[in-house]
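Asks: Would you mind keeping the following structure in view while I ask a few things?
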Amino acid sequence: MPRRVAIIATGQTKHAARRLDVTIAELITEAVTRALEDADLTLRDIDAVLLGNMEPFEGFLFPELWAVEAWGGYLKPSVKFNTGGTVGTTTAIAAYYYVASGIYDTVMAIGFQKQSEGHTQTAITTVGDPIWERSVMAGAIGNFAVMATTYMHESGVTEEQAAKAAVKARRNACLNEYAHLQMPDITVEDVLKSEMLAYPVKRLDMCPQSDGAVAVIFAEESKAVRLAPRPAWIAAVATAHEQQYMGDSPKRLAEMRSLIAASRRAYQYAGITNPRRELDVAEIYEVASFAELAMYENLGFCAKGEGGKLIDAGVTELTGELPVNPSGGVMSTNPIGATALIRVAEAALQIMGKAGRRQVEGARTALATGYGGNAWTDVIILTREKP
Amino acid sequence: MSGEEKTLRVPFLLDTEYRYAVGQYGARFFTELRDHARLMGVRCPECGRVYVPPRPVCGICYRELHEWVEVGPEGTIVGWTVVRIPFIDPMTGEQRPVPYGFAIIRLDGASTSLYHFLDETDERRIRVGRRVRAVFREKREGSLRDILHFRLLEGEDE
Amino acid sequence: MRRVAILGAAQTTFEAQKASLAYNELVYGVVRELLDRTGVSMREIESMVTASQDAYDGKTISGMAINEVVGAYLKSEAKVAADGLQALLYGVARILSGEFDLTLVVAHCKESEGDPSAITGLMFDPFVQRPLGLDENVAAALQARRYCWRRGLAPEDVALVSVKAHRQGLKNPYAQRKGEFTVADVLASPLVVDPIHELEAAPRSDGACALLLGSEERARAFTEHPVFIVGIGNCTDAYWTERDVADARALEEAARRAYAMAGIREPAREIDVVEISARYAHEELMAIEALGLHPSPVDLIAEGRAEFITPSGGPLCGNPPTVSGLVRAVEAYWQLSGEAGAHQIEGARTAVAHGAGGICGQNQTVVILRRE
C-alpha cells in the first residue's frame, strides 16, 4: 500500500495575455507565495521543488537556473520537466511519486510560462520532428484543425456543438478570478463568426496564449491531515503515451488511444466504473472546442460519437450532472507550462471546497487531465475520502 | 495596462543551428524518394502494420522492423485543413505564406499517416476520404520536400 | 521498507559524431542491449524515466523522439529535463512508491547536432549576462581560476586530472578520447578559455545509456548479489554569479544527505569506488573535496592513490551533458557487479555516482550503491 498523498494548498497568478508588470521570476514568486500562504507554511517546510515549463516558448532555455530564489529552490532538491502540454500534470505526478516514495514528505510543484515573451505557434511547431513533420506543421492550430476534421467526419459533431464548449468555457471563466479570457456575453454565433484560423478552428474555438504560474503543495498523510482542513487525496495517477509521430494514431481525436488507456487505468485504480455518474467534476485539458467534445467520448462520459449530444443536453455545464471545466479550462487560460497543473489545482480546489463562485457543491471526486505533444495523456483522480 | 510604452523590455533573437541526423531508416526512405520517386514503409512481423515514417521498432509490439514495402503514391485524406493564420516558420525564420492546404494522408499500403501539403486552398473542395496523389519535384535532394504536395484526385472517395 | 536495486545497465560507445543514427535508433540500440543483457522483456516494464534536453536535441519535447523505442506506447513515461542521474532518482521514487516493480531509465544526447556554445549561452540570464556572449566554457574558466587561487594550485596540478582520466580511458572500450598524455601535453593543448585547455574539457560527444531498476523482490530473483541504491541526495545552489563558484555547497549538501541515508560516516574509508561527473578537470578536484574523500585532491592524484576515482575516465574521455551523470551510475553499477572489465576496481562493494547540471554545477546529485 503506497503512502497516502494529498494536495494541501494551491496558489495561482492572475493569468493574462501579457503580464508586463513582472519578470518570469516575479510571476513564479506570485504563485509560490500564494500557495505557501494557502498552506500556512514557509519555504523551510518544503522538502523539494519540482518545476514544469516549456522551453523555449519564451526564449528562455533553462529558466530554472537564474530564477532559483524565485521558485524557492535554494539549497533544496529540485528537478525540471518540459514534457509539452502535459508538463503540469507530469510535474504533479512526479510530486505524487516523490512523496509516496517516502523520499520527501512535502513537495511543491510549480508550473509557469510567460508566453507573451515568445512566439508560441512557431515554438510549438518545433515539437514537430525536424525531418518528417516540421516543414509542414502549423503549430497547435493546424494540428487541432486536421484532427477536428477527422473527428467531425467520424462523429457527426458540428461546428455549432463545438462552439457551445467555447461559450461554456469563457462564461465559466467569469467566475474564476484567475482566468485570462472572461467573456460573460459570448454566444455561439460569436464563435461561429470569429476569424477562421484553419478550418474548422476559428479564433474563439481555440485556447489563448497566456502568461501565468501555479504552485501546488503535496504532502504525506500525517502532514496533510494536520495542515489542511480538507485535503484533496490523490486516488489515482496514470500516464499513457502515443507512438512517435503525429500521424501514427489512425483516428486522432475520434479515438484518443492514450486518453482511453490512461483514464481506464485511473478509473480502475480509483474504483470508478461509471465515470459520468461517479465523478462530480472534471478539469480536462481541452486545447480547442472540438477537442473537448472528443474528450467526453474518450473519457467514457458518453458513448463514442455522442460528444455533441452531451453538450447539447447541458450535462457538462456548471449546473449539469458532470460539470466540465468550471474554471474556464484551457480555452480561457493557457500558460502552457502551467496549464495542466492548473487543471490539478482547480480539481483540488473543488475537493477542498475552496473554488469560490465556481464551486461544484459537494464535490467528492474530481478528475484532472493533461494533454500534450503527440497526444500524450496524464490522468489524475482526487477524492475527499482517503484512498 | 497604462504606461505600457514605458515598460522596459529586452529583445532577444533565438537563432541557433542544428544538423539533424536522418538515421538509417530515414536514409533508406529518402534515398528511394530521391532516386526513384518511390515511397517506402516498414512492416511489423507481428502485427503487420506498415509504418511511415519508417522507424526501428513497432511501438505496439516492440518488434524490430526490417521488411521494407512500397506505399503510395496515392492515398486518402484522414484529416485536413486550410491554414489561414500567419506565423513564423521555425525552419526559416520567415513567415510562412498563407493560405495553404495541409492534411494527414494515409498512403495506400501504410497503416500510419503522413502530414503534408495539399494543392488546394478552397475548403469546399476538400473532404475526409478524398483520394490524393503525391506530386514529386523534378529535382529531388532526399528530404520530405521532394514531395511538392498532394494533388486532389477527382472521382470516387474511399 | 521497500528497496530499489539496479538489475542491469548498458551504454553506447561515445563518439564525436554518430552521424548515421537518428535519436530513436541511437536509443533503441542501448535499450535493446539492456533488455538482452538482463533477459527482461519490454512487456514486463510499465514505467520509464528518460532524460534529454530539448535545447541540445533541437526538438521541443525531445522525449517524443524516443518514446516508442523505450517501450512507452500506452505506458507511463516521464522525461526529466536535467542531468541523467536525476532520471535515476525519479525512477527510484516510482519503485519506492509501490506502484511499479521495474523502471527503465534512459539518457541520450548528441552534442554534434547543435552548437553547444550557443545552447549553453542560453543558460545565462537575458537581462545582464546574455549580452556579454557567455557560454559554459567561460563560466567554467572563471570557476577554475577562482578555485585554483583559493587552493593555491598551479596549472600543472589541474592538468594531473586530465593525465589520469585519459590514461584510465585506455582501459575503457566505450571511451571516445584516451591516451597516455603528460602534463606538458595537456598544457600544450589549445586553450578553450583561459585557463582551461582542450584536454581539460570534455570533448563534444554523442551517446546514450540505460539502466533497469527493480524492486528488492525482482532483484533477489535475479541475482545472489543485488546492487542496491542505498543513498540519494540532490541539491540546488544559487545562480552562479550569486555564490562563490569556488565553493561546492550544493555538492556537499547532496553528499551529506546521501551519506546519511546510506549510513556512511567516513566516506574516505567506506567508499570503494567513485564515479565523478567532471566536465572540466578542476571540477573533479572540487568534487573530491566536497564528497569528503580527501582534503588535498592534488596530492591524492599525484601520489597515485586516486585510481578508485572515476576509473572509467569520466566525461573528459567523452560523455555528453545529460548522459554524463547517468553513465556514472552505469559505471558504478558495473564496478559492483564485477562487469567493469579492464578498469575494474577489485572487491568493490560500495560505490558513489555523481551528476551535475547547470552553470558551474548549480544542481548536484549523489547516488550511493552497495552490493550485497
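Protein chains in written order, with my numbering: chain A, 1 to 387; chain B, 388 to 545; chain C, 546 to 917. Glycine included, every Cβ here is placed at the ideal spot set by N, Cα and C.
1) Does the beta carbon of glutamate 658(C) sit closer than 7 angstroms to a beta carbon anywhere in chain B?
2) Starting from isoleucine 8(A), trace the beta strand (DSSP E) both ways and give me its first and last residue.
3) Give the secondary structure of tyrosine 825(C) by DSSP, where H, G and I count as helix, E and B as strand, and everything else as coil.
4) Rounded to whole angstroms, what's the CA-CA distance from glycine 714(C) to aspartate 739(C)? Just pull it up for me.
5) Per DSSP, isoleucine 217(A) is paired with what?
6) Does any residue of chain A bring its CB to less than 7 angstroms from the CB of alanine 577(C)?
7) Is the separation between the beta-carbon of aspartate 312(A) and that of threonine 365(A) shorter than 7 angstroms?
8) Give a yes or no on whether the C-beta atoms belonging to glutamate 419(B) and methionine 427(B) are separated by under 7 angstroms.
9) Could you tell me whether any Cβ in chain A is nearer than 7 angstroms to the Cβ of methionine 668(C)?
10) What is the DSSP secondary structure of arginine 203(A), reduced to helix, strand or coil?
11) From the DSSP output, read off the bridge partner residues of threonine 91(A).
12) What's the gap between the Cα of glutamate 644(C) and the Cα of glycine 410(B)?
13) With aspartate 751(C) as the anchor, note down where its beta strand (DSSP E) starts and where it stops.
14) Verify the CB distance criterion: does glycine 467(B) have a CB-CB separation below 7 angstroms to chain A?
15) Do we get a CB-CB distance below 7 angstroms when we pair methionine 478(B) with the residues of chain A?
16) Residues of chain B with CB under 8 angstroms from isoleucine 664(C), in chain order?
17) Spatial neighbours of leucine 736(C) within its chain, please: C-beta separation below 8 angstroms, excluding the five flanking residues on both sides.
18) Does asparagine 682(C) come within less than 7 angstroms of chain D when only Cβ atoms are used?
19) Who are the Cβ neighbours of asparagine 569(C) in its own chain at under 8 angstroms, not counting the five residues just before and after it?
20) Which parts of the segment 411-436 of chain B are runs of the beta strand (DSSP E), unbroken and 3 residues or longer, counting only runs that do not cross its ends?
21) Of the choices Ala896(C), Val868(C), Tyr878(C) and Gly892(C), whose alpha-carbon is the least far from that of glycine 902(C)?
22) Mind listing which residues of the segment 285-317 of chain A have their C-beta closer than 9 angstroms to chain C's C-betas, in chain order?
23) Find out if the Cβ-Cβ distance for the pair alanine 213(A), phenylalanine 112(A) is shorter than 7 angstroms.
24) Does leucine 401(B) come out as helix, strand or coil in the three-state DSSP assignment?
25) Whole angstroms is fine: what's the gap from alanine 224(A)'s alpha carbon to alanine 179(A)'s?
26) Is it the case that the CB of lysine 386(A) approaches a heavy atom of the ligand ZN more closely than 6 angstroms?
27) With the cut-off set at 7 angstroms, would you say glycine 629(C) and alanine 600(C) are in Cβ contact?
28) Could you please tell me which residues of the segment 116-130 of chain A, in chain order, have their CB closer than 8 angstroms to any CB of chain C?
29) Taking only runs of the beta strand (DSSP E) that begin and end inside the segment 456-511 of chain B, which ones reach a length of at least 3 residues, in chain order?
30) Please check if any C-beta of chain C sits within less than 7 angstroms of the C-beta of glutamine 268(A).
31) Report all residues from its chain with a CB closer than 6 angstroms to the CB of glutamate 292(A); omit the five preceding and five following residues, and keep chain order.
32) For the segment 413-444 of chain B, which residues have a beta carbon sitting closer than 7 angstroms to at least one beta carbon of chain A?
33) Give the residues of chain C in contact with glutamine 243(A), contact being defined as C-beta atoms less than 8 angstroms apart.
34) For the structure I just gave you, are there three or more beta carbon pairs, one from the segment 96-112 of chain A and one from the segment 635-642 of chain C, closer than 8 angstroms?
35) State the Cα-Cα distance for the pair arginine 801(C) and alanine 835(C), rounded to the nearest angstrom.
36) Counting Cβ pairs, one atom from each stretch, are 3 or more of them under 8 angstroms apart for the segment 172-191 of chain A and the segment 496-516 of chain B?
Replies: According to the structure shown:
1) Sequence index remark: in the third sequence, residue 658(C) carries index 113 (1-based). Chain B, which has a Cβ nearer than 7 angstroms to the Cβ of glutamate 658(C), makes this yes.
2) Here residue 8(A) refers to the residue found at position 8 of the first sequence. 5-12 is the span of the beta strand (DSSP E), which, as asked, contains isoleucine 8(A).
3) Here residue 825(C) is taken as the residue at index 280 of the third sequence, counted from 1. In this structure, tyrosine 825(C) counts as strand in the three-state DSSP scheme.
4) Mapped onto the third sequence, residue 714(C) falls at position 169. Mapped onto the third sequence, residue 739(C) falls at position 194. One C-alpha to the other measures close to 25 angstroms.
5) Numbered from its first residue, the first sequence carries residue 217(A) at position 217. Note: isoleucine 217(A) sits in a beta bridge opposite Ala9(A) and Met108(A).
6) Translated into the one-based positions of the third sequence, residue 577(C) becomes position 32. The sequence as given places arginine at residue 577(C); alanine does not occur at that position. Not closer than 7 angstroms to any Cβ of chain A, the Cβ of arginine 577(C) fails to qualify, so no.
7) In the first sequence, residue 312(A) corresponds to position 312, counting from 1. In the first sequence, residue 365(A) corresponds to position 365, counting from 1. Going by C-beta atoms, aspartate 312(A) is not nearer than 7 angstroms to threonine 365(A).
8) Reading the second sequence from its first residue, position 32 is the one you call residue 419(B). Reading the second sequence from its first residue, position 40 is the one you call residue 427(B). For the pair glutamate 419(B) and methionine 427(B), the CB atoms are nearer than the 7 angstroms cut-off.
9) As a working note, residue 668(C) is residue 123 in the third sequence. Closer than 7 angstroms to some Cβ of chain A, the Cβ of methionine 668(C) qualifies, so yes.
10) For this step, residue 203(A) is matched to residue 203 along the first sequence. Looking at arginine 203(A) - three-state DSSP - the assignment turns out to be helix.
11) Taking the first residue of the first sequence as 1, we reach residue 91(A) at position 91. Answer is none; threonine 91(A) lacks a bridge partner.
12) In the third sequence, the residue the question calls residue 644(C) occupies position 99. In the second sequence, the residue the question calls residue 410(B) occupies position 23. In this model, glutamate 644(C) and glycine 410(B) are separated by some 36 angstroms (Cα to Cα).
13) The residue given as residue 751(C) occupies position 206 in the third sequence. Its beta strand (DSSP E) spans residues 751-760.
14) The residue you call residue 467(B) lines up with position 80 of the second sequence. It should be noted that the sequence gives tryptophan, not glycine, for residue 467(B). By the rule that beta-carbons nearer than 7 angstroms mark a contact, tryptophan 467(B) touches chain A.
15) Numbered from its first residue, the second sequence carries residue 478(B) at position 91. Yes, because at least one Cβ of chain A sits closer than 7 angstroms to the Cβ of methionine 478(B).
16) On the third sequence, position 119 is the one that residue 664(C) refers to. By Cβ distance, chain B contributes Thr403.
17) For the purposes of this step, residue 736(C) is identified with residue 191 of the third sequence, where counting begins at 1. His742 and Glu743.
18) No chain D is present in this structure, whose protein chains are A, B and C.
19) Taking the first residue of the third sequence as 1, we reach residue 569(C) at position 24. Excluding positions up to five away in sequence, the list reads Ala610, Ile611, Glu613 and Val614.
20) 426-430
21) To locate residue 902(C), count along the third sequence from 1; it is residue 357. For glycine 902(C), the closest C-alpha among the options Ala896(C), Val868(C), Tyr878(C) and Gly892(C) is that of Val868(C).
22) Under the 9 angstroms Cβ criterion, the segment 285-317 of chain A contributes no residue.
23) Along the first sequence, read from residue 1 onward, the residue named residue 213(A) stands at position 213. Along the first sequence, read from residue 1 onward, the residue named residue 112(A) stands at position 112. For alanine 213(A) and phenylalanine 112(A), yes; Cβs fall inside 7 angstroms.
24) Residue numbering aside, residue 401(B) sits at position 14 when the second sequence is read from its first letter. In the structure shown, leucine 401(B) sits in coil (DSSP, three-state: anything other than H, G, I, E or B).
25) Looking up residue 224(A) in the first sequence gives position 224. Looking up residue 179(A) in the first sequence gives position 179. Each residue's alpha carbon lies about 27 angstroms from the other.
26) This structure does not include the ligand ZN; it has no bound ligands of any sort.
27) Numbered from its first residue, the third sequence carries residue 629(C) at position 84. Numbered from its first residue, the third sequence carries residue 600(C) at position 55. No.
28) Ala123, Ile124, Thr126, Val127, Asp129 and Pro130
29) 461-470, 487-494 and 501-505
30) Residue mapping note: residue 268(A) aligns to position 268 of the first sequence, counting from 1. Interface flag for glutamine 268(A) against chain C is unset, since no Cβ pair is found closer than 7 angstroms.
31) In the first sequence, residue 292(A) corresponds to position 292, counting from 1. Closer than 6 angstroms at the Cβ level, and outside the excluded window around glutamate 292(A), lie Ala165 and Glu286.
32) Residues passing the 7 angstroms Cβ filter: Gly413, Pro440 and Arg442.
33) The sequence position of residue 243(A) within the first sequence is 243, counting from 1. Result: Asn612, Glu613 and Tyr618.
34) yes
35) On the third sequence, position 256 is the one that residue 801(C) refers to. On the third sequence, position 290 is the one that residue 835(C) refers to. Between arginine 801(C) and alanine 835(C), the C-alpha separation is close to 9 angstroms.
36) no
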